[in-house]
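Notes to accompany the following structure.
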Amino acid sequence: MLSQYNDIALLSLQQRHINRNRPCFSITVLQPQYNHKTVETHYSLPLYNCNSDTSERINLEYDWKCNVLSYFVSTVSSFKQYPTTDSNNTLLSQSMNTDYWLTGSLLQHIHNSIALRQRFAELAIRWISETAHHSSPLRRTCHPAYREIVTMGMSILPIIFNTLDHNPTHWFIALAEITGVNPIPKESAGNVAKMIEAWKEYGRQQGYIK
Amino acid sequence: MTIDLLQQLFPKLKEKKYSITSSDDVCYNCIAWVAHDTSQQWWPRSGYYWPREPIYESVNEFIEVFGRMGYKECNDGNYEEGYEKIAIYVLDNVVTHMARQLDRDTWTSKIGDYEDILHNLNGLDGSEYGIEKYFMKRNNDT
Numbered sequence: 716m717l718s719q720y721n722d723i724a725l726l727s728l729q730q731r732h733i734n735r736n737r738p739c740f741s742i743t744v745l746q747p748q749y750n751h752k753t754v755e756t757h758y759s760l761p762l763y764n765c766n767s768d769t770s771e772r773i774n775l776e777y778d779w780k781c782n783v784l785s786y787f788v789s790t791v792s793s794f795k796q797y798p799t800t801d802s803n804n805t806l807l808s809q810s811m812n813t814d815y816w817l818t819g820s821l822l823q824h825i826h827n828s829i830a831l832r833q834r835f836a837e838l839a840i841r842w843i844s845e846t847a848h849h850s851s852p853l854r855r856t857c858h859p860a861y862r863e864i865v866t867m868g869m870s871i872l873p874i875i876f877n878t879l880d881h882n883p884t885h886w887f888i889a890l891a892e893i894t895g896v897n898p899i900p901k902e903s904a905g906n907v908a909k910m911i912e913a914w915k916e917y918g919r920q921q922g923y924i925k
Numbered sequence: 219m220t221i222d223l224l225q226q227l228f229p230k231l232k233e234k235k236y237s238i239t240s241s242d243d244v245c246y247n248c249i250a251w252v253a254h255d256t257s258q259q260w261w262p263r264s265g266y267y268w269p270r271e272p273i274y275e276s277v278n279e280f281i282e283v284f285g286r287m288g289y290k291e292c293n294d295g296n297y298e299e300g301y302e303k304i305a306i307y308v309l310d311n312v313v314t315h316m317a318r319q320l321d322r323d324t325w326t327s328k329i330g331d332y333e334d335i336l337h338n339l340n341g342l343d344g345s346e347y348g349i350e351k352y353f354m355k356r357n358n359d360t
């Protein structure tokens with residue numbers, strides 16, 4: 716069942732192997748947006764045996780994809796009653812019907828990332844639902860939920876940048892407050908499309924958008 | 219925006235006829251809509267379009283800028299043939315919203331990021347926008 720404000724939802728998942736040493740999950744997810752629409756995305760996510768030297772390679776490069784997998788793993792774990800931890804705390808989740816495991820450090824990273832995303836989603840939804848009828852930037856950005864998002868600091872920037880395309884409304888002030896810069900050319904002020912592009916260019920330059 | 223939410227935010231709308239006249243759009247806001255501009259967000263603040271270098275987010279700043287666009291202050295929102303009137307809504311004397319008159323009984327507003335609506339002058343009064351306190355008018359030919 717796809718909940719409107721779930722961060723992500725698994726639509727389909729299929730295991731396949733590119734070759735013997737590189738098993739992959741082919742994943743399709745639905746990402747519900749605040750505007751009641753959904754975006755369907757396809758990922759091919761490599762998984763590595765935890766005994767392999769390459770297991771940590773997943774970590775940084777596949778941050779967003781790991782969120783997808785973690786959502787899947789936690790869901791499957793609860794439904795199938797698979798173990799989520801072991802005595803050495805190195806093996807935290809077992810993916811469905813496979814021999815491949817996620818390492819503890821990776822899963823911790825995933826969980827932290829998901830917790831941040833979920834908190835952001837809760838705050839953003841509350842903020843939008845309670846202020847979207849206002850045009851005044853003061854009334855929009857003094858809302859407690861918006862202030863809490865700003866206090867999350869740099870860690871929240873990739874998520875805000877990721878949100879800009881689907882839900883551009885009034886994130887520019889938060890971005891400026893967190894980063895301390897304003898990349899919007901004076902002649903673009905007020906033009907939402909140009910403001911998004913200016914911030915996305917900044918996000919790309921600073922590595923927040925890959 | 220659902221009808222329920224609209225009426226919850228602005229309970230006075232129910233007292234008279236009103237209607238939603240567009241889809242939601244974040245590209246412009248209520249001030250831009252009053253200025254017949256649907257391409258950008260207006261507000262006297264850095265990061266928003268404003269026809270001149272904004273000084274303060276004061277009522278006077280709004281009155282002065284719309285004054286430069288040909289509007290003159292007037293006493294009320296009563297319909298006057300040949301004139302387009304606009305209303306400035308304030309809450310605690312801080313500007314919250316603007317609306318533009320279309321005919322004798324009809325005003326048009328852009329509701330934040332949501333849709334444009336048609337409403338009567340008092341329809342948006344309440345805890346969200348406060349009341350329409352300042353009025354301006356200009357000749358329809360301007």
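Residue numbers (our numbering), protein chains in the order written: chain A, 716 to 925; chain B, 219 to 360. Ideal placement from N, C-alpha and C gives every residue a C-beta, glycine not left out.
For residue i, go through chain B and note every residue whose CB falls closer than 7 angstroms to its CB, in chain order.
i	result
A:Asn877	By Cβ distance, chain B contributes nothing, its closest Cβ being about 17 angstroms from A:Asn877, past 7 angstroms.
A:Ala904	Gly265, Tyr266 and Tyr267
A:Ile888	Gly265
A:Ile864	Simply none; closest approach about 17 angstroms.
A:Ile899	Gly265
What in chain B is Cβ-close to residue i, meaning under 8 angstroms?
i	result
A:Thr856	Within chain B, no residue comes near A:Thr856; the closest Cβ sits about 10 angstroms away, beyond 8 angstroms.
A:Thr884	Val244 and Asp331
Find out if the Cβ-Cβ distance for the pair residue i, residue j is shorter than 8 angstroms.
i	j	result
A:Ile899	A:Met910	yes
B:Glu346	B:Leu339	no
B:Ile304	B:Tyr289	yes
B:Lys232	B:Gln225	yes
A:Leu838	A:Glu863	yes
B:Gln259	A:Gly905	yes
B:Met354	B:Glu291	yes
B:Ser276	B:Glu333	no
A:Thr894	B:Val244	no
A:Ile874	A:Leu831	yes
B:Ile238	B:Tyr352	no
B:Gly300	B:Asn247	no
B:Glu302	B:Arg356	yes
B:Glu361	B:Pro269	An answer regarding residue 361 of chain B cannot be provided, because it is not within the stretch 219 to 360 covered by chain B.
A:Thr846	A:His858	yes
B:Phe228	B:Gly348	no
A:Ala860	A:Arg841	yes
B:Gly295	A:Asn897	no
B:Tyr274	B:His337	no
Determine the extent of the beta strand (DSSP E) in which residue i is found, giving its start and end residues.
i	result
B:Asn357	Ile349 to Asn357
A:Leu872	A:Leu872 -> not in any beta strand (DSSP E); alpha helix (DSSP H) instead, spanning Leu872 to Leu879.
B:Arg318	Val312 to Gln319
B:Glu291	Lys290 to Cys292
B:Lys328	Trp325 to Lys328
B:His337	Asp334 to His337
Let's see if you can read the secondary structure: which residues bound the alpha helix (DSSP H) around residue i?
i	result
B:Glu279	Val277 to Arg286
A:Arg862	Pro859 to Thr866
A:Val907	Val907 to Gln921
B:Glu302	B:Glu302 -> not in any alpha helix (DSSP H); beta strand (DSSP E) instead, spanning Tyr301 to Leu309.
B:Thr220	It is not in any alpha helix (DSSP H) - B:Thr220 carries neither H nor E in the DSSP assignment.
B:Cys245	Segment: none, B:Cys245 is in no alpha helix (DSSP H) and carries neither H nor E.
A:Thr856	Pro852 to Thr856
A:Thr894	Phe887 to Thr894
Which residues in chain A have a C-beta closer than 7 angstroms to the C-beta of residue i? List them in chain order.
i	result
B:Arg263	Pro852
B:His315	Ser850
B:Gln259	Gly905 and Val907
B:Glu275	Leu853
Would you mind telling me which residues of chain A sit closer than 8 angstroms to residue i, beta carbon to beta carbon, in chain order?
i	result
B:Asn247	Ser850
B:Gln225	Residues of chain A passing the Cβ test: none, with the nearest at roughly 12 angstroms.
B:Asp346	Checking the displayed sequence, the identity of residue 346 of chain B turns out to be Glu instead of Asp. Ordered by position in chain A, the residues that pass the 8 angstroms Cβ test against B:Glu346 are His848 and His849.
Residues of chain A with CB under 9 angstroms from residue i, in chain order?
i	result
B:Glu368	No information on residue 368 of chain B is available, as it lies outside the stretch 219 to 360 that chain B covers here.
Cβ contact check for the stretch 305-314 of chain B and the stretch 845-860 of chain A: 3 or more pairs under 8 angstroms: yes
Segment contact flag, the stretch 880-891 of chain A with the stretch 902-921 of chain A, C-beta cutoff 8 angstroms, min 3 pairs: yes
Any 3 or more C-beta pairs closer than 8 angstroms across the stretch 320-334 of chain B and the stretch 277-285 of chain B: no
The stretch 326-333 of chain B in contact with the stretch 246-266 of chain B per 3-pair CB rule at 8 angstroms: yes
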